[in-house]
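Trainee:
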Amino acid sequence: MTVAVETGVWQLDQTASTVGISHKTMWGLVNVKGAFGTFNGQGEVRGDGSAIGTLTLDAASLDTKNAKRDKHLRSADLFDTDKFPEITFAVRSAELTGDTVHVVGQLTVHGISRPQTFTARLKDATGEALTLDAEFTVDRDQFGLGWNQLGMLRGLTTVTTTLRFLRTAV
């Protein structure tokens with residue numbers, strides 16, 4: 516499938532988008548899932564078909580459906596949301612081939628930035644809207660989130676997104 520995406524500026528539609536994480540805890544026996552409730556983003560598709568953009572998450576809006584755990588995630592042990600209220604992903608390049616988008620960017624968590632690449636899938640695209648699905652893993656230790664009492668937290672965190680963008684009026 517070959518899809519052309521219109522050039523211009525695209526704004527994230529938060530009401531039709533999701534950003535979630537999952538991580539094995541309790542020595543790999545329990546898969547904890549959470550979703551960010553507040554985030555925004557925008558992007559630009561250039562004339563040559565390449566794209567750039569930014570996604571910003573409110574770190575304190577992560578909801579795992581467990582108030583005690585969420586409070587701990589916001590604490591200085593982990594995200595330290597008082598000092599580092601945002602998680603950002605800056606897209607340096609995004610290249611579309613068929614319905615696959617190769618994304619190269621920089622993820623900043625807990626004040627630490629690291630390169631991050633992944634492949635997204637263009638689910639649908641019209642002249643006015645497009646939807647991207649992606650799933651990739653992050654090593655939380657690389658971002659200073661090393662708290663691991665009794666070795667309970669191991670492995671990588673999986674990030675799953677569905678991002679719906681609307682083309683802004685020119």
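If you use the working numbering, the sequence shown closes out at 685, no skipped numbers anywhere.
Even for Gly, the Cβ is constructed at its ideal location relative to N, Cα and C.
For clarity, every value in this text was computed on a predicted model and none was experimentally measured.
#1: Here's a check: name, in chain order, each residue in its chain whose Cβ is nearer than 6 angstroms to the Cβ of A649, leaving out the five neighbours to either side.
#2: Which two residues bound the contiguous beta strand (DSSP E) that contains A605?
#3: Have a look at G562 and A640 and give me their C-alpha separation to the nearest angstrom.
#4: Check whether the Cβ atoms of A566 and A605 sit closer than 8 angstroms, and answer yes or no.
#5: Tell me the DSSP secondary structure of R629 in three-state form.
#6: Can you tell me the Cα-Cα spacing of A574 and F599, whole angstroms?
#7: Spatial neighbours of Q657 within its chain, please: C-beta separation below 8 angstroms, excluding the five flanking residues on both sides.
#8: Please determine, among V616, F594, L593, V560, the residue with the shortest C-alpha to C-alpha distance to T683.
#9: Kindly indicate which three-state DSSP category V524 falls into: helix, strand or coil?
#10: Starting from the C-beta of F554, find all residues in its chain whose C-beta is less than 7 angstroms away, skip the five residues before and the five after it, and write them out in chain order.
#11: Determine, using beta carbons only, whether L647 and V616 come nearer to each other than 8 angstroms.
#12: Note down the Cα distance separating S590 from D597, rounded to an integer number of angstroms.
#13: From the DSSP output, which residues share a beta bridge with F554?
#14: Tell me where the alpha helix (DSSP H) around A582 begins and ends.
#15: Of all the options H538, S576, Q621, which has the alpha carbon lying nearest to the alpha carbon of L660?
#16: Tell me which same chain residues have a C-beta within less than 6 angstroms of the C-beta of I602, skipping the five on either side of it?
#17: Restricting to Cα atoms, I'd like to know which of K638, T672, F680 is closest to T652.
#18: Between the beta-carbon of A582 and the beta-carbon of R679, is there less than 8 angstroms?
Mentor: Walking through what the data contain:
#1: Closer than 6 angstroms at the Cβ level, and outside the excluded window around A649, lie F633, A635, T676.
#2: Here the beta strand (DSSP E) through A605 covers 601–612.
#3: G562 and A640: Cα-Cα distance of roughly 17 angstroms.
#4: No, these two residues do not count as a Cβ contact at 8 angstroms.
#5: R629: strand per DSSP, three-state reduction.
#6: Computed Cα separation, rounded: 8 angstroms.
#7: Answer for Q657: I627, R629, listed in chain order.
#8: In terms of CA proximity to T683, V560 leads the group V616, F594, L593, V560.
#9: Strand, per DSSP.
#10: The answer, listed in chain order, is Q529, V534, L570, T571, L572, D573.
#11: The answer is yes: Cβ separation under 8 angstroms.
#12: One C-alpha to the other measures close to 8 angstroms.
#13: As computed with DSSP, F554 is found in a beta bridge with L572.
#14: In this chain, the alpha helix (DSSP H) harbouring A582 covers 582–589.
#15: Taking each of H538, S576, Q621 in turn and checking the Cα distance to L660, the smallest one comes out for H538.
#16: Once the five neighbours on either side are set aside, the close Cβ partners of I602 are L572, A574, V624.
#17: When only C-alpha atoms are compared, the closest one is T672.
#18: No; because the gap between Cβ atoms is not below 8 angstroms, this pair is not in contact.
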